[in-house]
Amino acid sequence: MPNFNEMIELNIGLLVFAILVTFFILLGCVGYKSRNLSYMRNFVWIVCMNLVMLIGECGLWIMKLSFKNVWLTKLFGFFSYGGGTIMALFYLFCILSFVEERGAPDVSYRSAYLMRIVCGCYLVLVFLSMFNGMLFQVDAHGNLTDGPYYWIAWLIDPMILLIEILVVVHYRKNLSRFGTIVMLNFGLVSLLTTGLQSIWYPVPELLACTLALLLMFMLFYWEMAKNLVENERELMQSQMSLAISQIQPHFLYNTLSTIAELCRKDSAMAEEVTNRFALYLRGNLEHMGDSFPVEFSKELKHVQTYLWIEKIRFQEELQVVYDIQTEDFIIPALTVQPLVENAVKHGMMGSENVCTITIRTKCVERGYQVIIEDDGCGFDPEQVKNDGRKHIGIESVRSRLKFMVGGTLTVKSAIGKGTTVIIEIPGKE
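Quick note: the sequence shown uses my numbering, first residue 47, plus one each step.
Here it is as structure tokens:
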């Protein structure tokens, strides 16, 4: 059987091919819009470290072929050894974050944190080996060889791979059959290829890792595509629920009663309220099926129309304060209005004289905030959370914020002190 360890040009060619494949995988990850998912961030780090490891190993083979430089050889050795260590660490975090994203209950990161300590210590040893040669050293011919303590690597590498395999087996019920095979493939193939060391090592292991990463990218791509379809369906259902919940009967009845009363007292004002009310209804119906966010200024005008109508009804009992520091962001349509309507409802319930509704926007470190406050009766958030009822309006707003702009909704309230609702929207980047 030929000794492939002596075929320098073949190994360089295969490593260059693996580098190109890894580079294109990295481009696919960086260009995909769901890279902000936790497991995708970890996967990007895995791909980067695989690229570093391949470049390091390719550099070592090139050094054998062309010229000798001790420190450059040691640097390539550090890339090869260190890149593989960091890649293994992020691989474990990737597995755990992926099964957590798929709904696995009580995912424990203890094994990953333990491995972080082990890999950190091992990485320090790899760095020190550039100076003391404990794990690897350069021989008289300028080639990288094993150091006197290389047995540490042989002890740590199988341990790391075994932990990864056990984690995949433990969470196999939260993975598809293809997902389980792909996740196991990364560790198992690496273990199997170590048996080829006498005739060909480590190029087969690096090629196997690159193939495993390609399969993982396919798995994650399909997973994100499936989630995108589910999110679109949930978003459409949320939009329909929101459109229905927005036109609440009590507001319709109260507004029509106000118009009827104004027809007897002030026909000009009755006409104005009717026009504003039609504008409000048109705004709700126009955005029933919107799949794209709108400028905040447009949403603000809709809120102002609603509050203008409520002011006609409650007169001086309702005060509105606007503190708009920025409008330069986008937001799902009909997001703020249901929250303001809840503020008016709860605010007037707890107000003996005057209810004040405050709407403010501001720039924060990571984006923008929209804050709706009232000084009404307030409520116990935990009691509302466990009352068994479906709060369609709030949940519709929360899901649409998440799916359309990556935003969040936080509700803070205390009985007798009022309620504060905070919308956070990431910045344009």
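Quick reminder that beta carbons are idealized off the backbone N, C-alpha and C, glycines included.
Where residue i falls: helix, strand or coil (DSSP)
i: G434; result: A caution first: G434 carries a pLDDT of 49, below 50, which makes its placement in the model unreliable, though a value can still be read off. In this structure, G434 counts as coil in the three-state DSSP scheme.
i: V170; result: helix
i: C401; result: strand
i: Q415; result: strand
i: F375; result: coil
i: C423; result: coil
i: I160; result: Reading the sequence as shown, one finds Leu at residue 160 and not Ile. Helix, per DSSP.
i: F338; result: coil
i: I468; result: strand
i: I155; result: A small correction: the amino acid at residue 155 is Tyr; Ile does not occupy that position in the sequence shown. In the structure shown, Y155 sits in coil (DSSP, three-state: anything other than H, G, I, E or B).
i: R359; result: helix
i: L364; result: strand
i: K408; result: strand
i: I461; result: coil
i: L455; result: strand
Of the listed residues the options, nearest to residue i (C-alpha basis)
i: G149; options: S222, D374, H392; result: S222
i: L261; options: P248, N388, F232, W246; result: F232
i: Y414; options: V367, E387, L447; result: L447
i: A134; options: W107, Q365, W91, S154; result: W91
i: G462; options: L455, C423, V443, I469; result: C423
i: L234; options: P339, I209, E345; result: I209
i: I403; options: V390, F342, N220; result: V390
i: N189; options: F136, G105, T131, V213; result: G105
i: K347; options: L259, L380, L364, V145; result: L380
i: E363; options: D369, Q371, L353; result: L353
i: N96; options: A254, I305, E419, G179; result: A254
i: N178; options: G193, C167, Y326, P250; result: G193
i: L212; options: W200, V249, S157; result: S157
i: T320; options: I58, L308, L121; result: L308
i: I163; options: T131, A460, F144; result: T131
i: E387; options: L72, V116, S343, Y326; result: Y326
i: L181; options: F124, L230, M161; result: F124
i: I58; options: F89, R359, T351, W107; result: W107
i: I358; options: A306, R406, I405; result: A306
i: F338; options: N300, V366, P378; result: P378
i: L259; options: P472, R444, C75; result: C75
i: R412; options: E317, I471, F449; result: I471
Rounded straight-line distance, which links the Cα of residue j to that of residue i
i: E276; j: F266; result: 15 Å
i: Y247; j: E269; result: 34 Å
i: V457; j: Q383; result: 15 Å
i: E373; j: N399; result: 32 Å
i: G102; j: F70; result: 18 Å
i: V98; j: L207; result: 19 Å
i: Y127; j: V172; result: 7 Å
i: L169; j: L60; result: 26 Å
i: Y85; j: E55; result: 36 Å
i: E441; j: N220; result: 26 Å
i: L252; j: L142; result: 23 Å
i: M109; j: S175; result: 19 Å
i: M53; j: Y196; result: 24 Å
i: E147; j: L138; result: 14 Å
i: A83; j: E341; result: The question names Ala, yet the displayed sequence has Leu at residue 83. Near 26 Å, if we compare the C-alpha coordinates of E341 and L83.
i: N51; j: G452; result: 50 Å
i: V122; j: H187; result: In the sequence as presented, Val is not what sits at residue 122; that position holds Phe. Each residue's Cα considered, the two are about 16 Å apart.
i: I469; j: I417; result: 6 Å
i: I376; j: M315; result: 33 Å
i: K370; j: S154; result: Correcting the residue type first, residue 370 is Ile in the shown sequence and not Lys. Roughly 43 Å separates the two Cα atoms.
i: Q365; j: T454; result: 27 Å
i: V477; j: F263; result: For residue 477 there is no data in the structure shown, the boundaries of the chain being 47 and 475.
i: L385; j: H392; result: 11 Å
i: Y159; j: L230; result: 20 Å
Per-residue burial, residue i [other beta carbons within 10 Å of its own, 16 or more giving buried]
i: G434; result: In this prediction, G434 has a pLDDT of 49, which is less than 50 and means its spatial position is unreliable; nothing more can be read from the coordinates.
i: M205; result: exposed
i: G225; result: buried
i: F323; result: buried
i: S303; result: exposed
i: R328; result: exposed
i: M394; result: buried
i: C409; result: exposed
i: E356; result: buried
i: D312; result: exposed
i: F136; result: buried
i: Q183; result: buried
i: N115; result: exposed
i: A460; result: exposed
i: L343; result: Position check: residue 343 holds Ser in this sequence, whereas Leu was assumed. Under this definition S343 is an exposed residue.
CB contact below 8 Å: residue i versus chain B
i: W117; result: Although the question refers to chain B, the structure presented lacks it and comprises just one protein chain.
Complete runs of the alpha helix (DSSP H) confined to the stretch 82-136 [at least 4 residues] = 84-111
query = Mind pulling the beta strand (DSSP E) runs of 3 or more residues that sit fully within the stretch 187-254?
reply = 190-192
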